[in-house]
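These notes are about the structure you will find just below.
Number of protein chains: 2
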Amino acid sequence: MNIRSQPPPLLPPFFDTAFRAAFDELLIWRRDVRRFMRDPLAEGEIDALLAAAHRAPSVGNSQPWRFALVESPARRAAVRADFARCNAEALAGYAGERAKLYASLKLAGLDDAPVHLAVFADLETAQGHGLGRRTMPETMEYSAVGAVILLWLAARAAGIGVGWLSILDPVAVGHVLETPDNWRLIAYLCIGYPADPCDVPDLERAGWQERADWRDLLIKR
Amino acid sequence: MNIRSQPPPLLPPFFDTAFRAAFDELLIWRRDVRRFMRDPLAEGEIDALLAAAHRAPSVGNSQPWRFALVESPARRAAVRADFARCNAEALAGYAGERAKLYASLKLAGLDDAPVHLAVFADLETAQGHGLGRRTMPETMEYSAVGAVILLWLAARAAGIGVGWLSILDPVAVGHVLETPDNWRLIAYLCIGYPADPCDVPDLERAGWQERADWRDLLIKR
Chain A
5 MNIRSQPPPL LPPFFDTAFR AAFDELLIWR RDVRRFMRDP LAEGEIDALL AAAHRAPSVG
65 NSQPWRFALV ESPARRAAVR ADFARCNAEA LAGYAGERAK LYASLKLAGL DDAPVHLAVF
125 ADLETAQGHG LGRRTMPETM EYSAVGAVIL LWLAARAAGI GVGWLSILDP VAVGHVLETP
185 DNWRLIAYLC IGYPADPCDV PDLERAGWQE RADWRDLLIK R
Chain B
5 MNIRSQPPPL LPPFFDTAFR AAFDELLIWR RDVRRFMRDP LAEGEIDALL AAAHRAPSVG
65 NSQPWRFALV ESPARRAAVR ADFARCNAEA LAGYAGERAK LYASLKLAGL DDAPVHLAVF
125 ADLETAQGHG LGRRTMPETM EYSAVGAVIL LWLAARAAGI GVGWLSILDP VAVGHVLETP
185 DNWRLIAYLC IGYPADPCDV PDLERAGWQE RADWRDLLIK R
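Sequence order for the protein chains is A and B. Using my numbering, the first residue of the first sequence is number 5, and each one after it goes up by one. Using my numbering, the first residue of the second sequence is number 5, and each one after it goes up by one.
This is the structure in structure tokens:
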């Protein structure tokens, strides 16, 4: 006999066409923000964003995401220095007009964003008992990515912008933040109210890269 | 002079508390579904889901996600056989009560789900011109994960369930689907109307793994 108590069955909520249209607007306005107001987030918003992130799917229910709020000015400065170094190296990989364009891009909001949040995956968590990660262990990292995406959408719904910075040495960031060796950096997020909200990607506005049509990315088998 | 035409400035939409509450419900009910009705999706829903996925953030605007709708019964059978093999090997890694529990879990909805969608990342796409992926090239895969998450949420908003199957050999699946070598399997999704909708994770209901509290996953630096 199964003695686990089961909750009474619940009817799933019905999401009407108005919600679906608003949700689509949310996706359209979920942009990578690099220009922030310096105002702090409203009371309770950081907790609300982390709670939303924590609702992400995870392999075997392992919930491997780990969050580091970076508050120390010295650590923020070290991250900024790592970005400057990595960005200079990236620029050196381009030539001609493309290099000129790259140099003109604003790729990080580190200076103004009131909140810096580093998201990691704990690759050795026992939670989930290894389920689902034998043939695709990278699903641990992917689970933490899901947390980033939900946080991002919840932020946009609250009028808050998020920028995902990947022009960093992930191992160096771990050292700066003194995180455990089994934590792998997934994303370094700048979070704050956007100074220049727009529904077109920054890189498209700057002429770096247009968007594709999803119909060209689909095959049938 | 910059001759790129700029769109007129738009005010971002305001998402009210009713929307935010409904969005939270969406996250709560976004579950990994393994029990499906066999009914086909309503007309146009697959396109709507792919369009939502395509709104994901991507490194350098590279949009590396690639979608393969798996319709051929022979290919579906081959994927099912690969799952059976991988799942048997996974079961062999557990012992005692944990093995018994694992064997009792329903981990895939391959038999009933009307839609099978494999999501890949094209690791060699030129789109994005390499921006942002020099020090963290894994952000290409992460971008495709974002597409999976948005598809999942859009599905739930339409009353449609999604199950992410990772108990597969990703290289074998690529062979079955005859995808290009530079496409890396990110997720194999079963999609359809859920037969047993619930707001509690299946693995929690089955006693496999409880959920953590996000407050325990946060550090401050």
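Note that beta-carbon positions come from the ideal geometry of N, C-alpha and C, so glycine has one too. Values in this document were obtained by computation on a predicted structure and should not be read as measured data.
Residue 171(B), enclosing beta strand (DSSP E) - first and last residue: Element bounds for residue 171(B): n/a, residue is neither H nor E.
Contact set for residue 197(B): own chain, Cβ-Cβ below 7 Å, skip 5 residues either direction: Excluding residues within five positions, the ones whose Cβ falls inside 7 Å are 40, 41, 43, 163, 164, 165.
Chain D residues whose Cβ lies nearer than 7 Å to that of residue 171(B): The structure shown contains no chain D; its protein chains are A and B.
Distance between beta carbons of residue 120(B) and residue 194(B), contact taken as under 8 Å: 6 Å
Alpha carbon of residue 82(B) to alpha carbon of residue 125(B), nearest angstrom: 21 Å
Chain-ordered neighbours of residue 128(A) on chain B, where CB pairs are closer than 9 Å: Chain order gives no chain B residues near residue 128(A), where near means a beta carbon separation below 9 Å; the closest approach is about 14 Å.
Inter-stretch contact (C-beta, 8 Å, three-pair minimum) for the stretch 106–115 of chain B and the stretch 134–151 of chain B: Taking 8 Å as the limit for Cβ pairs, the verdict is that the stretch 134–151 of chain B does not touch the stretch 106–115 of chain B.
C-alpha gap between residue 217(B) and residue 23(B), whole angstroms: 25 Å
Within-8 Å CB hit, residue 77(A) to chain B: Using a Cβ-Cβ cut-off of 8 Å, residue 77(A) does not count as an interface residue toward chain B, since no Cβ of chain B sits closer than that to its own.
Meets three-Cβ-pair contact criterion under 8 Å: the stretch 48–60 of chain A and the stretch 48–58 of chain B: Counting Cβ pairs under 8 Å, fewer than three are found: no touch.
Reference residue 173(B), options 92(B), 209(B), 104(B), closest by Cα: 92(B)
Stretch pair the stretch 92–101 of chain A + the stretch 177–196 of chain A: three plus CB contacts closer than 8 Å: No, the stretch 92–101 of chain A is not in contact with the stretch 177–196 of chain A.
Cβ pair residue 65(A), residue 212(B) closer than 8 Å: yes
In chain order, each beta strand (DSSP E) run of at least 3 residues that lies wholly inside the stretch 6–57 of chain B: none
Three-state secondary structure (DSSP) of residue 97(A): coil
Buried or exposed by the 16-neighbour rule on C-beta atoms within 10 Å, applied to residue 175(A): Here residue 175(A) is exposed, its C-beta having fewer than 16 other C-beta atoms within 10 Å.
With 16 other Cβ atoms within 10 Å as the buried cut-off, status of residue 157(A): buried
Proximity test, Cβ basis, 8 Å: residue 36(A) and chain B: yes
Check whether residue 36(B) and residue 200(B) have beta carbons under 8 Å apart: no
Members of the stretch 54–71 of chain B that neighbour chain A once the beta carbon cut-off is set at 8 Å: 54, 55, 56, 57, 58, 59, 60, 61, 63, 64, 65, 66, 67, 69, 70, 71
Enclosing beta strand (DSSP E) for residue 189(A) [first to last residue]: 187–196
Contact list for residue 32(B) against chain A, beta-carbon separation under 7 Å: 59
Any C-beta of chain B under 8 Å from that of residue 16(A): yes
Cα-Cα separation, residue 54(B) to residue 78(A): 43 Å
Chain A contact for residue 223(B) (CB, 8 Å cutoff): yes
Backbone CA spacing between residue 18(B) and residue 167(A) [nearest angstrom]: 20 Å
Under 8 Å from the C-beta of residue 197(A): neighbouring residues of chain B: In chain order: nothing, as chain B lies at least about 11 Å away.
Residue 225(A) to residue 123(B) span [Cα, whole Å]: Each residue's Cα considered, the two are about 13 Å apart.
Below-8 Å beta-carbon distance, residue 117(A) vs any chain B residue: Not a single CB atom of chain B sits nearer than 8 Å to the CB of residue 117(A).
Test item: CB-CB of residue 169(A) and residue 192(A) under 8 Å: Yes, the Cβ-Cβ distance between residue 169(A) and residue 192(A) is below 8 Å.
Residue-chain proximity (residue 164(B), chain A), Cβ-Cβ < 8 Å: Output row for residue 164(B): interface = no.
CB contact check: residue 24(A) to chain B, cutoff 8 Å: Interface residue, yes.
Residues bridged to residue 120(B) [DSSP beta-bridge criterion]: 194(B)
Beta-carbon proximity check, residue 159(B) vs residue 68(B), cutoff 8 Å: no
Amino acids of chain A, ordered along the chain, whose beta-carbon sits closer than 7 Å to that of residue 102(B): 133
Residues of its chain near residue 38(B), where Cβ-Cβ distance is below 7 Å and the 5 sequence neighbours each way are ignored: Its chain contains 110, 111, 112, 113, 167, 206 as the residues whose beta carbon lies nearer than 7 Å to that of residue 38(B), once the 5 sequence neighbours on both sides are disregarded; these appear in chain order.
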